[in-house]
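Asks: In the working numbering, the protein residues as written are 8 to 161.
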Amino acid sequence: MEISTTLDPAQLAATRRQVEMHNAELKAKGINTEKDLGQDKYLKLLVTQLRYQDPQNPLQNHEFAAQMAQFSALEQMTKMNSSMEKVIASARAGESYNMLGKEVAWLDPDTNEMQSGVVKAIVLADNRPMLRVGNIDVDPSKVASVSLPKAAGQ
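(1) Taking DSSP as the reference, what is the three-state secondary structure of Lys127?
(2) So, do the region 129-137 and the region 93-110 have three or more beta carbon pairs nearer to each other than 8 Å?
(3) Along the chain, where does the beta strand (DSSP E) containing Pro147 start, and where does it finish?
(4) At a cut of 8 Å, does the region 142-151 reach the region 109-120 through at least three beta carbon pairs?
(5) Note down the Cα distance separating Thr22 from Asn30, rounded to an integer number of angstroms.
(6) Which partner residues does Val153 have in the DSSP bridge list?
(7) Going by C-alpha to C-alpha distance, which of Gln60, Val125, Thr118 sits closest to Asn142?
(8) Using the C-alpha atoms, what's the distance from Ala20 back to Glu27?
(9) Measure the alpha-carbon distance for Ser97 versus Gly37 and round it to whole angstroms.
(10) In chain order, what residues of the same chain have a beta carbon less than 6 Å from the beta carbon of Ser11, not counting five sequence neighbours either side?
(11) Less than 9 Å between the beta carbons of Leu53 and Phe78, yes or no?
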C-alpha cells in the first residue's frame, strides 16, 4: 500500500487559508511573520513534524539528530548574538565616556550645518549613550571630529 504525500487541490486551498488566517492573527498581535525562525518556532515546527510524520516512513534517527544539531546551533547563535550586542553596547558607552570634556563636531540634521561644543555629560536614551553638548544630545555615531577643547582666551 502506497501512501500519498501530496495534497489534493481542495486540501491545499484549505491549508493555504489556515496559514493566511494564522499569519493575519500574528500580524494583528504585532508579530512579524517575515522574521528569522526563532528557537521557539523551530522547536514547535520540529514537534509538529514528529507528530504528523508518516507512520510507514518515520523520521530516521540521523535526520532527527541533524535537526536537533540545527536547533542546538540556532540556540548557540542566539546566545552569541545577545552577547555580541552587549559587547557592542559596552564599547559604544566606553567610546562615549572617552569624549567627556572634549570638543566634538557633528552635522546638525535640522539645519544641515556643522555644530560643535564641549561634551559635558553622557546620558542614556533608549539604552544608548548620547553626548550632552550644551542642551543638545548628540548621537556619538554622528560625531565628525573630536579634539581637545580650546583654552579660554585662545
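The beta-carbon is built from N, C-alpha and C at its ideal position, and this holds for glycine as well.
Replies: Considering the structure as presented:
(1) strand
(2) yes
(3) Careful: Pro147 lies outside any beta strand (DSSP E) and carries neither H nor E.
(4) yes
(5) 12 Å
(6) Val111
(7) Val125
(8) 10 Å
(9) 30 Å
(10) Only weak support is given to the placement of Ser11: the predicted model assigns it a pLDDT of 49, under 50, and the question is left unresolved by the model.
(11) yes
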